[in-house]
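*Asks:* Numbering (the UniProt record's numbering), first residue to last: 7 to 373. Glycine is no exception: its CB is placed at the ideal position from the N, C-alpha and C atoms.
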Ligand code: SF4
């Protein structure tokens, strides 16, 4: 048959060097990937692997685990070996755990150089070990742990200070002919963060990992991350993303995946087109939309399901979607591929939509 037309995107990706984080390619030749971080104690191997499995199921491409103690470092080989997605070890303060993580077969190591004491003397050694094992390094600069020298120079964590810090750390690795780097410059203020990444994007060709750090609880963090990532991805900036929420990491992954899907940077899956409801609504649209969303959760095929409160815009939207309901008068007209297939009482709308969605999904799977 005809090849599918690629979906419209807003920008070409900024050209970067390419990295391999385990089997996942990172950089402009590869799709933008979603990352998250486990919240379990890393030394608890079973709990950590269980959470990684949940994140993987939710659409996580790469996972990061904290490594604050020797017990955590000892758990890394088992976690790296058994995880279905590449594992990045997150190291603060202690270079010895960087070596342990590289030896453990972690797919990459994240270091916060501002936090690693006497880091400068260790760069050569770290670069050599990483090169020997083919392990990329992420330089993760955080506003909260900015290098003292730059704090003195700029007075606070400005976009320029964050970018300069990251580029300086990268240059230390480059002096040792090590370029397998990914950079992040996180700040809790989306405006500062956006500017910092724009500066970096102009001044280097390393892949960039986007994050608004300490973004807050789910609602605020979701909005901050979505606007910041949108502003950058719209310019083609960003190769991996992590939504930071004060909420379970599965929620971070769902938000990250949804951001990429919304920008056509990841194939769309289930999409619920539901109306906001208004004084014309003849059914409880919120409840209907929630129940349909819950009933179809985890659906892997790109299905647009319209849930509309009345017959004004209802039939039109429901026809445009693969499947939909336009409600009115205590009944729901069920549309499949633009045709009314049945009219059911309000109490049967949800189950009918779910049935129809599942049978549509089956025919799509066969294609
Ligand atoms: Fe209001 Fe009907 Fe539009 Fe829903 S579809 S917002 S109920 S006019």
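1) Taking 8 Å as the threshold (C-beta atoms), are residue 113 and residue 94 in contact?
2) Check this for me: beta carbons of residue 172 and residue 147, under 8 Å apart or not?
3) If residue 392 and residue 44 are in contact, beta carbons under 8 Å, what's the gap, nearest whole angstrom?
4) Taking 7 Å as the limit between beta carbons, can you name the residues of its chain near residue 273, skipping five residues before and five after?
5) Could you tell me whether the Cβ atoms of residue 374 and residue 42 are closer together than 8 Å?
6) Can you tell which of 279, 216, 40 and 107 has the C-alpha that lies nearest to the C-alpha of residue 195?
7) Please work out which residues of its chain come closer than 6 Å, Cβ to Cβ, to residue 178, disregarding the five sequence neighbours upstream and downstream, and give them in chain order.
8) Taking the Cβ atom as the reference point for each residue, do residue 73 and residue 82 lie within a distance shorter than 8 Å?
9) Which residues in the same chain as residue 336 place their Cβ atom closer than 6 Å to its Cβ, once the five residues preceding and following it in sequence are excluded?
10) Once you ignore the five residues that flank residue 79 on each side, which residues in its own chain have a CB closer than 6 Å to its CB?
11) Ignoring anything shorter than 4 residues, give me the alpha helix (DSSP H) runs that lie fully in the segment 291-335, in order along the chain.
12) Short of 6 Å in beta carbon distance, which residues of its chain neighbour residue 199, apart from the five on each side in sequence? Order them along the chain.
13) Could you tell me which of 222, 349, 187 and 39 sits nearest to residue 142, measuring between CA atoms?
14) Rounded to the nearest angstrom, what separates residue 242 and residue 316 at their Cα positions?
15) With contact counted as at least three CB pairs below 8 Å, one residue from each stretch, are the segment 286-299 and the segment 354-372 in contact?
16) When burial is assigned at 16 or more other CB atoms within 10 Å of the CB, is residue 348 buried or exposed?
17) Is the Cβ-Cβ distance between residue 302 and residue 360 less than 8 Å?
18) Measure the CB-CB distance between residue 163 and residue 149 and report whether it falls below 8 Å.
19) Taking contact to mean 3 or more Cβ pairs, one atom from each stretch, closer than 8 Å, check whether the segment 18-29 and the segment 48-65 are in contact.
20) Heavy atom of the ligand SF4 less than 7 Å from the Cβ of residue 314, yes or no?
21) Taking the alpha-carbon positions, what's the residue 350 to residue 332 distance?
22) Quickly, what does DSSP pair residue 148 with across the bridge? List them, please.
23) Would you give the residue range spanned by the beta strand (DSSP E) that residue 178 belongs to?
24) At what residues does the alpha helix (DSSP H) containing residue 262 begin and finish?
25) May I ask which residues mark the beginning and end of the beta strand (DSSP E) holding residue 162?
26) Rounded to the nearest angstrom, how far is the Cβ of residue 230 from that of residue 222, given a contact under 8 Å?
27) Could you tell me how far apart the beta carbons of residue 111 and residue 87 are, in whole angstroms, since I believe they sit closer than 8 Å?
28) So residue 41 is in the beta strand (DSSP E); what residue range does that whole segment cover?
29) Is residue 214 closer than 8 Å to residue 244 when the C-beta atoms are compared?
30) Shorter than 7 Å, the distance from the beta carbon of residue 318 to the closest heavy atom of the ligand SF4, or not?
31) CA-CA distance, residue 155 and residue 51?
32) Between the alpha carbons of residue 131 and residue 294, how many angstroms are there, rounded?
33) How would you label residue 123, buried or exposed, when you count the other beta carbons within 10 angstroms and need 16 or more for buried?
34) Looking at the ligand SF4, does it come within less than 7 Å of residue 287, judged from the CB to the closest heavy atom?
35) Should residue 209 go down as buried or exposed, given a rule of 16 or more other Cβ atoms within 10 Å for buried?
*Replies:* Walking through what the data contain:
1) yes
2) yes
3) Past the edges of the chain, shown from 7 to 373, lies residue 392, and the structure says nothing about it.
4) Within the same chain, residue 273 has close Cβ partners 308.
5) Nothing about residue 374 can be read from this structure; the chain reaches only from 7 to 373.
6) Answer by Cα proximity: 216.
7) 129
8) yes
9) Spatial neighbours of residue 336 in its own chain (CB-CB distance under 6 Å, excluding positions within 5 residues in sequence) are listed in chain order as 352.
10) 73, 103 and 106
11) 291-301 and 320-326
12) 193, 218 and 234
13) 187
14) 39 Å
15) yes
16) exposed
17) yes
18) Their beta carbons are under 8 Å apart, which means residue 163 touches residue 149 by this criterion.
19) Not touching, per the Cβ criterion.
20) yes
21) 11 Å
22) 192
23) Unbroken run through residue 178 is the alpha helix (DSSP H), 165-181; no beta strand (DSSP E).
24) 255-268
25) Note, residue 162: premise wrong, no beta strand (DSSP E); not H, not E.
26) 7 Å
27) At roughly 7 Å, the Cβ-Cβ gap stays under 8 Å, so residue 111 and residue 87 are in contact.
28) 39-43
29) For residue 244 and residue 214, yes; Cβs fall inside 8 Å.
30) yes
31) 39 Å
32) 59 Å
33) Summary for residue 123: the model assigns pLDDT 49, below 50, so the residue's position carries little reliability; its value from the coordinates is reported in the next sentence. Residue 123 should be labelled exposed.
34) yes
35) exposed
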